[in-house]
Amino acid sequence: MANKLTVLAEKGNWYKGNTHCHTILSDGKWSPEKTAALYRDNGYSFLFLSDHRIYGHHSDLSSEEFLVIPATESDISVPDTVFKCFHIVGGYDPGLARKSLADSDRSMNMPSWDGIGSVQRIVDDLNDHGNLAILAHPVWSRNNVADIQQLKGLTGLEIFNNVCDHEWNCGDSVLVWDLLLSEGHKLWGFASDDTHDPAVHALGGWIVVKAAELTPANIMEALRKGSFYSSTGPEIYEFYVQDGVAYVECSDAKAVHFMTYDNLGKSFRASDGATLSKAEHKLAGYEKYVRVEVVDAFGKRAWSNPIWIE
Ligand SMILES: [Zn+2]
Ligand SMILES: [Zn+2]
1152 MANKLTVLAE KGNWYKGNTH CHTILSDGKW SPEKTAALYR DNGYSFLFLS
1202 DHRIYGHHSD LSSEEFLVIP ATESDISVPD TVFKCFHIVG GYDPGLARKS
1252 LADSDRSMNM PSWDGIGSVQ RIVDDLNDHG NLAILAHPVW SRNNVADIQQ
1302 LKGLTGLEIF NNVCDHEWNC GDSVLVWDLL LSEGHKLWGF ASDDTHDPAV
1352 HALGGWIVVK AAELTPANIM EALRKGSFYS STGPEIYEFY VQDGVAYVEC
1402 SDAKAVHFMT YDNLGKSFRA SDGATLSKAE HKLAGYEKYV RVEVVDAFGK
1452 RAWSNPIWIE
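Given below as structure tokens:
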């Protein structure tokens, strides 16, 4: 473990974005134009407009300083259950609208349920057409780990979903993430708003991507490689493992938690009146992965992606 291990790009700029958002084209309350303007005016660099079963391009809302990434949210419900369903956010390939699950007017045709394989077909369709595929709000969807770990080709899952947190207190899927990671599933963690009513759901959960330039291709490459962190408040500036020691640098924090599996990691806490802006943890050497959580004075959290120790 002498070499430096990290998922963040060595060089680049930081770009804040929301990967899950609805508008009046599905069940959101605001227009695409007004929604995009809200995020742009609040310092975001990119936004997925991921309306339900509609592949939204919105290229007219993009500029060099603010990207609206083509996106959609696919869904399939499990029959004979009270609520169980699978929602998959896909994004990027502008050509998808005229291929496969999507028809010519951008609305998506969902497969009928025939077991977890029908969810896999949604994921495959997205991947086959150059999209990433993010499992949305698994706790809200009542997804269990046994089902999720059968799916192949997911880019990651939502570890924090702001509308699910705000409306039903089930936006936190971090434990689901750790259970999947500990089984060796290399999934990136995404925080998002899943905005329906921007007045109450916007600006609560986001990711910050480290990439060379603000282009769709660069952002997508960074998302596939895990070169980003998720947050509801704090910032993470560095996170890497060198010579068997995990290091993090972050905005002022009250606690920094190194999370490892299968053995325990380590928590560091600031004393009264003080804050932490860096921490390090010596690994035992047999961890599968290490990730870090940063907690600020308001209880807001940031999550790095995992670094795999192999
Ligand atoms: Zn959803
Ligand atoms: Zn949604």
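Each number in the numbering used here corresponds to the 1-based position in the sequence shown with 1151 added.
The C-beta atom is built at its ideal place from N, Cα and C for all residues, glycine as well.
Original post:
What are the residues that DSSP puts in a beta bridge with Tyr1341?
Top reply: For clarity, residue 1341 is Phe in the given sequence; the question names Tyr instead. In DSSP, Phe1341 forms a bridge with Glu1309.
Original post:
Going along the chain, which residues put their C-beta within less than 5 Å of some heavy atom in ligand 2?
Top reply: Glu1224 and Asp1345
**OP:** Compute the minimum distance between the beta carbon of Asp1226 and the heavy atoms of ligand 1, and state whether it is under 7 Å.
**Re:** yes
Subject >> Contained alpha helix (DSSP H) runs [length at least 4] in the stretch 1174 to 1236, N- to C-terminal order >> reply: 1183 to 1192
**OP:** Would you mind stating whether Leu1200 and Gly1207 have Cβ atoms separated by less than 8 Å?
**Re:** yes
**OP:** On the DSSP bridge assignment, give the partners of Phe1409 in chain order.
**Re:** Lys1417 and Val1443
Original post:
Which of the three DSSP states, helix, strand or coil, is assigned to Leu1159?
Top reply: coil
**OP:** May I ask you to list the residues that DSSP assigns as paired with Gln1393?
**Re:** Val1396
Subject >> Assigned exposure category for Val1446 - 16 Cβ within 10 Å defines buried >> reply: buried
**OP:** For Gly1268, name the three-state secondary structure that DSSP assigns.
**Re:** helix
Subject >> DSSP-derived helix/strand/coil call for Ser1455 >> reply: coil
**OP:** Label Asp1254 either buried or exposed according to how many other C-beta atoms from any shown protein chain fall within 10 Å of its C-beta, with 16 as the threshold for buried.
**Re:** Annotation note: pLDDT 48 at Asp1254 (below 50); position unreliable, coordinate value reported separately. Its Cβ having fewer than 16 others within 10 Å, Asp1254 is exposed.
Original post:
Could you name the residues, in chain order, whose CB is less than 5 Å away from a heavy atom belonging to ligand 1?
Top reply: His1238 and Ala1287
Subject >> First and last residue of the uninterrupted beta strand (DSSP E) at His1288 >> reply: Looking at the DSSP string, His1288 is not in any beta strand (DSSP E), and its letter there is neither H nor E.
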